[in-house]
Structure formats: C-alpha cells, structure tokens
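In my numbering, the protein residues as written are 144 to 545.
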C-alpha cells in the first residue's frame, strides 16, 4: 500500500461507518488494496445496512483482526497478487470506495483478472464462513410468490419448479391474497425481528397491520421512479457521462434525499434499499415484474428474511426504449399475459435465491396463480414431481407445511 492512509480521510463516511473504520484503522492499513476497496465499499454503507449485513461486516472485522500478521498476509495473498489494483495504490481510494470500486472493476476487466479475482474472493468467503458460520434461521424460511393478477388461465405454469414439489390443480382461490398476507402477519407476530418479514408488491400494496413487516411497493415508488428516469434522461442527453458504466457510477452515488422520497418515511435503511433497487437493477424503473423479481433477490441476499411474500401485477407493454425512458404522465397499457410469464420465471428465481440461504433444507416455498386454481408447493413435507388433483385451499396448504 503506497499511499498514506489517514484517519481524516474517513470524515465523509456516515457516523457508524466512520466509527468502525477508525476503530479498525490499523487492520485496514494492512489489507491489500483490492480487498480493502471492496470491503470499504460495504463498510461505507454500514449505517443503512440490514442487521444481517452489519453482522457480516462485524464478523469479518473480528475474523481478520484476530489473525497474526503472518496469517493475515497468507489469507490476503490472493488479493495482493492482483496487479490490476496497483494503478490505484497511489490514490486515496479509501476516501471514496464507491468510485474506487468502479475503477478497480474496470482494471480487472482490462487486465483479464476478473475470473482470478472471483476465485480469490470465493476462496476467502469459504474460509471466512468455515471459521465463522452463519447462524441458522430462527424458524424455517417461507417464500410465497403470487403471480398472474388479471391474467387468463391456459398458460402452462411452474414447469421449472414441478420436479421439486407438488403441483396443485384444484386450489380454491377464495380470499387467497388475504390468506397469504395473514400468514405473513402471523409469522411476523410469532418471530418479530427487524427486516425479517417482507411484502414486495408490484402494484399498490394491500394494508398490513404489523409494523415488523417491511413493505416495498412499485406504485408507492412512482415519484421516485419518475424522478430517477428524468435524471437518467437528462444525464444521458447532456453527454456529461461517457457511457453506461459512467451513468451507473452517477446512479450509485445518489442518496434518497437527492431523489423525491416516497414510502418508508423515517426508515433510512429501507429508503436506501428502495433507491438501490432502482439505481442498480436493470429495468426496475420501467417494468413492475422486473422490479418485484429484483427486489425479492436483493431482499433475500441482503436481509435474509424469515418470510417473504411477493405479488406480481401487470407490467406495461413493450414500447420503444426512448418512450419507456420518459416518465409517463398518464395511464399505460398493460400486458397481463406477458406479465404472467415474467412472474412464473421470477418465482423460480426467488426459489433459487431462497435455496442459497442457511436452512435451505427446511425452507418452504409456495407459488400461486392469483384468483385461479393452480399452485406449486416445495417443502420437506411435499412429494417431489407430484400432481395433486384433489380439491384444497390455501389455508390447508399452509397447514400442511407449517
């Protein structure tokens, strides 16, 4: 590390992140540039990270801080070998790890070292989790995907999920949405914890009585989406950025107070999360189905919830890209059937992401065609690759997998 690391360079970090950085200043000085940049990129957002993310940062600091100098050097050897980071060594990269991460990424690609970096990072994560295992969930995780609002039956659904669970063809749909949201509320009451229970809505959110439920709604974020699309269009047309990579860098540095706030009032953590969905996701500003699928992925990856309910609503129809970039001031034509296909795939991706979390062997998953008779259930108690034609309802299904 050639540039001189200075405590004063952390003054722009939020309070809790700055406190952690200064507490572990000596450790950060010893880290290779490639690793330190990526780690500080996590640390600088510490103040609005979810509890699971904060715990991981804390655990890493304890894990690395407990090592002897020789052991730390050995653990970091793979990162130290990356010549792509050498061009950043003379810069004050720690003062702005967001911009430095973009530069590091560009250098890794340019020097054909991205695969090597990925392998080194994977090995580090394996060693870290072997030493500090992630805790098991307090209760089995449950994910529910509600798909196909306003779509007509006839599309063959859940084909990718059927080998892993039981496909039901005679589900009574009466009061189905309320039944599933009530199950979310019951679990939130039984196992209360911040950001442990989520409801992600592709339209206008149904009311949920429990404040422990983190609610994200596509419609509620309309002012934010429109303001962001306007900003993206302005920046793109101004020629002030040199391409999509630079536009992404501009978006990554936005804060909720720079874009019209909507929803999650008083909850900075959720506000930052919602903005990140729109600045980091591709198409989340335009298509409600893409928004729900990406929000589910990020909630599972970052918050690692115990319960997640997603509900897909019809997205707008495909239009020329220039039209979709412009914030709409009127009603849009929607495509329920195309949205059903999107949601079917989105449900499958959500199940895959759920399987990546601890406790995967005991997790439960339900996907239901809203107001229709089809559902797929993947759970330890459910037979795999089976079709059930017996009449049932959603309360019964929930009782079977409880």
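Beta carbons are placed, not taken as given, at the ideal position from N, Cα and C, and that holds for glycine.
As the structure is a prediction and not an experimental result, all values here were calculated from the model.
Should residue i and residue j be called a contact, given that it needs their Cβ atoms to be closer than 8 Å?
i: residue 457; j: residue 435; result: no
i: residue 428; j: residue 475; result: no
i: residue 319; j: residue 500; result: no
i: residue 341; j: residue 448; result: yes
i: residue 225; j: residue 243; result: no
i: residue 177; j: residue 247; result: yes
i: residue 240; j: residue 171; result: no
i: residue 444; j: residue 496; result: yes
i: residue 486; j: residue 432; result: yes
i: residue 551; j: residue 513; result: The structure shown does not extend to residue 551, since the chain spans only 144 to 545, so no value can be given for it.
i: residue 327; j: residue 356; result: yes
i: residue 152; j: residue 235; result: yes
i: residue 189; j: residue 209; result: no
i: residue 223; j: residue 283; result: no
i: residue 227; j: residue 254; result: yes
i: residue 221; j: residue 181; result: no
i: residue 155; j: residue 288; result: no
i: residue 349; j: residue 324; result: yes
i: residue 295; j: residue 334; result: no
Excluding sequence positions up to five away, which residues of its chain have a Cβ less than 7 Å from the Cβ of residue i?
i: residue 109; result: The question about residue 109 has no answer, for the chain in this structure spans 144 to 545.
i: residue 257; result: 251
i: residue 305; result: 519 and 528
i: residue 491; result: 303 and 304
i: residue 206; result: 271, 274 and 275
i: residue 524; result: 543 and 544
i: residue 345; result: 361, 431, 432, 434, 435, 454, 455 and 456
i: residue 353; result: 328, 331 and 332
i: residue 173; result: 215
i: residue 293; result: 457 and 479
i: residue 533; result: 313
How about residue i: is its Cβ closer than 7 Å to a heavy atom in the ligand HEM?
i: residue 168; result: Here there are no bound small molecules, and the ligand HEM is not part of this structure.
For the candidate residues the options, whose alpha-carbon lies nearest to that of residue i?
i: residue 540; options: 528, 496 and 511; result: 511
i: residue 482; options: 526, 367, 430 and 446; result: 430
i: residue 343; options: 420, 378, 369 and 164; result: 420
i: residue 279; options: 154, 516 and 505; result: 505
i: residue 484; options: 220, 451, 209 and 298; result: 298
i: residue 347; options: 454, 158, 442 and 440; result: 454
i: residue 526; options: 426, 307 and 313; result: 307
i: residue 269; options: 213, 162, 203 and 147; result: 203
i: residue 301; options: 154, 516 and 425; result: 516
i: residue 488; options: 459, 249, 437 and 533; result: 437
i: residue 364; options: 147, 316 and 414; result: 414
i: residue 535; options: 219, 277, 259 and 315; result: 315
So what does DSSP say about residue i, is it helix, strand or coil?
i: residue 353; result: coil
i: residue 312; result: coil
i: residue 411; result: helix
i: residue 512; result: strand
i: residue 302; result: coil
i: residue 234; result: coil
i: residue 188; result: coil
i: residue 259; result: helix
i: residue 550; result: Absent from the structure is residue 550, since the part of the chain shown begins at 144 and ends at 545.
i: residue 406; result: Residue placement at residue 406 is flagged as unreliable, the pLDDT there being 49, under the threshold of 50; a coordinate-derived value is accordingly withheld.
i: residue 441; result: helix
i: residue 518; result: strand
i: residue 536; result: strand
i: residue 429; result: coil
i: residue 504; result: helix
i: residue 216; result: helix
i: residue 399; result: helix
i: residue 417; result: helix
i: residue 269; result: helix
Please list, in chain order, all residues of the same chain as residue i whose beta carbon is under 8 Å from its beta carbon, the five residues on each side excluded.
i: residue 402; result: 367, 370, 371, 374 and 418
i: residue 440; result: 492, 493 and 496
i: residue 412; result: 191, 192, 193 and 338
i: residue 148; result: 168, 171, 172 and 237
Looking only at DSSP bridge pairs, what is residue i linked to?
i: residue 287; result: 452 and 509
i: residue 344; result: 360 and 454
i: residue 529; result: 309
i: residue 459; result: 477
Note down, in chain order, each residue of its chain lying with its Cβ closer than 6 Å to the Cβ of residue i, except the 5 sequence neighbours on either side.
i: residue 311; result: 518 and 531
i: residue 522; result: 507 and 544
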